[in-house]
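Data block below; observations after.
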Amino acid sequence: MNNHLLFDFTVDKAAKTVYITREFDAGQALVWDAFTKAEILDQWTAPAPYKSKTKYQDFKVGGKRFYAMVSPEGEERWAIQEYTSITPKTNFKMFNAFADANETPQLPGSDWDYTFNEQNGITKVSITIFNESFERMESLLEGFTQGMKMALGNLENLLATLSKK
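Quick note: to get my numbering, add 276 to the position in the sequence shown (first position is 1).
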């Protein structure tokens, strides 16, 4: 782990918003792919011992990713993401909600905004997550915070491996 890379995780409860800024020692194109391609997303987004399993992904405005976090016992926790805006390699936005196995969203959900920029081979990813419901955010916060930090650590390790290829 490169201890000189920025990692900031801030929760603004009043604004019902989470702000995450994370730097990675990898090029912007590779980091973009890690956030937008199912075959790479499934390698890092689930905190161990869980696994991520994408049923389908159509990365385009109006497209969706439908995936599950799968426990070691095989229990699936589904979520659906709908892409609302894409500016290739620099920004994408999506609406995220838990769902059942039939793709029925469990509302309310949250709006995610990802921004990517590279400077001197270091890519900074800024993520803003706005929750429609304060109660939803409150109920998920502890597990989400821990899981997201673990997942981003997984990504850092994966990028180190992918950068060497």
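In this text, a Cβ means the ideal position worked out from N, Cα and C, and glycines have one as well.
Keep in mind it's a predicted model, so treat the numbers as computed, not measured.
Cutoff 7 Å; reference residue i; Cβ partners in own chain excluding five residues on either side
| i | result |
| --- | --- |
| L383 | A373 |
| S402 | T297, T391 |
| F406 | K292, T293, S386, D387 |
| M277 | Bear in mind that a pLDDT of 48 at M277, under 50, signals an unreliable position, so the number given afterwards is only what the model happens to contain. Answer for M277: E432, listed in chain order. |
| V346 | Y326, K327, K329, E352 |
Residue i (DSSP reduced to helix, strand or coil)
| i | result |
| --- | --- |
| F283 | strand |
| S415 | helix |
| S439 | helix |
| M277 | Per-residue confidence for M277 stands at a pLDDT of 48, beneath the threshold of 50, marking its modelled position as unreliable; the derived number appears in the next sentence. If DSSP states are grouped into helix, strand and coil, M277 belongs with coil. |
| T312 | helix |
| D334 | coil |
| A305 | helix |
| A427 | helix |
| D376 | coil |
| E432 | helix |
Close-in-space but distant-in-sequence residues of the same chain around residue i (CB under 6 Å, 5 per side omitted)
| i | result |
| --- | --- |
| F285 | I296 |
| V287 | V294 |
| Q333 | A314, R341 |
| M413 | K292, N407 |
| F283 | R298 |
Rounded straight-line distance, which links the Cα of residue j to that of residue i
| i | j | result |
| --- | --- | --- |
| A290 | K440 | 43 Å |
| A310 | E299 | 13 Å |
| E349 | K327 | 11 Å |
| K329 | N396 | 33 Å |
| T312 | D301 | 18 Å |
| E358 | F335 | 9 Å |
| I398 | Q304 | 8 Å |
| L435 | W308 | 11 Å |
| T366 | T404 | 14 Å |
| K400 | N393 | 5 Å |
Paired residues, beta bridge with residue i - DSSP
| i | result |
| --- | --- |
| M370 | Y359, W388 |
| T297 | D284, S402 |
| Q319 | Bridge partners of Q319: none, in fact. |
Residues near residue i in its chain [Cβ-Cβ closer than 8 Å; skip 5 each side]
| i | result |
| --- | --- |
| A375 | F342, W354, A355, I356, P381, Q382 |
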